[in-house]
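UniProt numbering puts the first residue of the sequence shown at 1, with every later residue one more than the last. Beta carbons: idealized from backbone N, C-alpha and C, even for Gly. See below for the structure under consideration.
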Amino acid sequence: MFDKVKAIFEEQLGVSQDEMKLETNFKDDLGVDSLDLYEIVMKLEDEFDVEIPAEELDDVATFEDVLNYLKSKGVEE
Numbered sequence: 001m002f003d004k005v006k007a008i009f010e011e012q013l014g015v016s017q018d019e020m021k022l023e024t025n026f027k028d029d030l031g032v033d034s035l036d037l038y039e040i041v042m043k044l045e046d047e048f049d050v051e052i053p054a055e056e057l058d059d060v061a062t063f064e065d066v067l068n069y070l071k072s073k074g075v076e077e
């Protein structure tokens, strides 16, 4: 699942997956802005067949947060 998430970020941001670790912070480390995040969320929703309400994004800042969130929605590894 982490590889799929990293691929989505790489496609959206043009950032190498080598720069993406579980603890990488989207805004601080990768420079993700709100528009980037919105587009990434849409791609995550499509890829993993989940709905991610905007208000739930406040607690999602790292790749580990994304993986934990997806797991909480029933997404399998």
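To the nearest angstrom, how far is it from the Cα of VAL66 to the Cα of GLY31?
-> 17 Å
Under a Cβ-count criterion, where at least 16 other Cβ atoms within 10 Å of its own Cβ denotes burial, should LYS6 be classed as buried or exposed?
-> buried
Measure the C-alpha to C-alpha separation of MET77 and LYS43 and round it to an integer number of angstroms.
-> It should be noted that the sequence gives Glu, not Met, for residue 77. Roughly 17 Å separates the two Cα atoms.
What is the C-beta distance between ILE40 and PHE9, in whole angstroms, given that I count them as a contact (C-beta under 8 Å)?
-> 6 Å
Between the beta-carbon of VAL50 and the beta-carbon of LEU35, is there less than 8 Å?
-> no
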